[in-house]
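Student:
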Amino acid sequence: MNSITGRVLAIPAASVTNSGASSSRALHVELTSQQRRLRHLRSIAARNIVNKNGSPLLDTYFTLHLCIGDRISRGFYKSEVIRDSLNPTWRSLDFGMLPDLLDTSVSCFVVRIWGGQEEQYQLLIEWKVNLDGLRYTGQQIRSRNPNEIIFGLNDGYYAADFDHKDQSERKKNSLLQVDQSSVRNSYSVFSLLRLHTAQRAIKQTQVTVQKIGKEIEEKLRTTATCTERKKERECMQLRIAVLRSELQRQRKALGREIDLRQKERAQLQKKEEAFSAQHDSLKEEKESLTKLQKECTAKSCFTRLYSASVYQSEGRQSPSGPLTPLSNKTLRAAGSCWFQMKHLCSASPSQLLMNTQVIHHGDPVMISSRDLSAIGLIRLLSDAPPATGRRYRGYPRLEVGRRRNRRRRGNR
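The following block contains the structure:
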């Protein structure tokens, strides 16, 4: 690291250039008591950068750091990046980017120049600079040494003094020859006190401005927070109003739905009562029809059984199947009395098969299985006697009619 800590005296007045060389800069007057501060710095340039990596061109930028003794603080300024150059000249310093509390009255600071490619940078040059020890080089940038940094101030460009041989000689030649009568004090104690008072007032004003600025920022931040909260509150109120309106609408719809359901329930209840009454009537009708069906079935079975008895008495084959002849006493008993038929039907077909002594007088009766099934269906016969009419040998009128029909067919 190249460190420049010595105070460089001004060059002789005869070598000083006039203001005609550059109208944009102040006239340079070399005075031993002249002080240079950080606030006087305008620009920085680097010349003849040596690249240890051997690359012909580099991307470079610089950073500025304050130093307190041997301790180097964090950088307070970073320049833009100059692409593909070993002699970069960065644009003028933007003091708006400097921190508010930065002390710009210092003369000593650290300059670091970084270089690299593809966003990979490394430290190339690091100088600890004292502005009072720099050497004036002129109104234009001139450099002959490698890794040299040029500083642009108000009155021209300054660089480090690499030649220390004739420093004492330059110090002697820097003395100005002036008339003793024109020598006077530049400042008095009172002037310095007034200047100090003005500086204190400026500092106090700056502190007050910063304080007021912070208060304003805090108030703006608080106002922004309050505004955000108010906006959220209004949004929530609007949402609550919308939800309440939707709730009222749904309640009304629910009320209408409940009324409709109650009406439908009343209608369904009426229909249920009507269906129940109709069901009861149909049930009664079914019972009457069932009873009538049983009576009809009993009569039909009795007729078939009676016909079978007749066929058996006449010695003919019954359509129901082969039958065993019955005794005349049994036939007379079956044809002359309904009680005997009812007693016959009170037994199940299995009982008829197993017990043949169910007929009056104990005469056996042999009946086909088909007739036995028919007999099983007429257990619930009513107590009403069979249809009255003319009897033929103790048999119902129906069989008499059938015999007449057979006689007529025989006569034909």
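The numbering of the sequence shown is UniProt numbering, which starts it at 1 and goes up by one. From the three backbone atoms N, C-alpha and C, an ideal C-beta is built for every residue, glycine too.
1. Expressed to the nearest angstrom, what Euclidean distance is found between the alpha-carbon atoms of residue 107 and residue 88?
2. What number of angstroms, rounded off, separates the C-alpha of residue 291 from the C-alpha of residue 307?
3. Taking only runs that begin and end inside the region 26-99, name each unbroken beta strand (DSSP E) of 3 or more residues, in chain order.
4. So, helix, strand or coil for residue 189, using DSSP?
5. Alpha carbon to alpha carbon, how far is residue 41 from residue 154? Give it in angstroms, no decimals.
6. Report the CB separation of residue 60 from residue 46 in whole angstroms; it is logged as a contact under 8 angstroms.
7. Relative to the C-alpha of residue 425, which candidate in 123, 67, 124, 263 has its C-alpha closest?
8. Between the Cα of residue 70 and those of 121, 129, 115, 78, spot the shortest distance and give me the residue it belongs to.
9. Exposed or buried, residue 109, counting other C-beta atoms within 10 Å across all chains shown (16 or more means buried)?
10. Pick out whichever of 50, 252, 303 has its Cα sitting closest to the Cα of residue 148.
11. Can you have a look at residue 14 and say buried or exposed, based on whether 16 or more other CB atoms are within 10 angstroms of its CB?
12. Per DSSP, which one or two residues make a beta bridge with residue 159?
13. Please state the DSSP three-state secondary structure of residue 113.
14. How is the beta strand (DSSP E) around residue 126 delimited, first residue to last?
15. Using the C-alpha atoms, what's the distance from residue 207 back to residue 220?
16. Measure the beta-carbon distance from residue 112 to residue 190 and round it to whole angstroms, keeping in mind my assumption that it falls under 8 angstroms.
17. Looking only at its chain, what residues have a beta carbon closer than 6 angstroms to the beta carbon of residue 80, apart from the 5 residues adjacent to it on each side?
18. Our contact map puts residue 131 next to residue 37 with C-beta atoms below 8 angstroms; I'd like the distance itself, whole angstroms only.
19. Buried or exposed: which applies to residue 64, given that a residue is buried once 16 or more other Cβ atoms fall within 10 Å of its Cβ?
20. To which residues does DSSP link residue 284 through a beta bridge?
21. How long is the line joining the alpha carbons of residue 82 and residue 152, rounded to whole angstroms?
22. So, using beta-carbon positions, are residue 159 and residue 182 closer together than 8 angstroms?
23. For residue 39 versus residue 137, is the C-beta distance shorter than 8 angstroms?
24. Leaving out five residues before and five after residue 77 in sequence, what residues of the same chain have Cβ atoms less than 8 angstroms from its Cβ?
25. Report the partner residues of residue 152 according to the DSSP bridge assignment.
Tutor: Let me lay it out:
1. 24 angstroms
2. 24 angstroms
3. 43-47, 59-68, 71-78
4. helix
5. 7 angstroms
6. 7 angstroms
7. Absent from the structure is residue 425, since the part of the chain shown begins at 1 and ends at 412.
8. 129
9. buried
10. 50
11. Note on residue 14: pLDDT 32, under 50, position unreliable in the model; the coordinate value appears next. Answer is exposed; the Cβ neighbour count stays below 16.
12. 135
13. strand
14. 120-130
15. 20 angstroms
16. Not confirmed; about 44 angstroms, so no contact.
17. none
18. 7 angstroms
19. buried
20. The partner list for residue 284 (beta bridge, DSSP) is empty, contrary to what the question assumes.
21. 18 angstroms
22. no
23. no
24. 63, 64, 93, 97, 98
25. 43, 157
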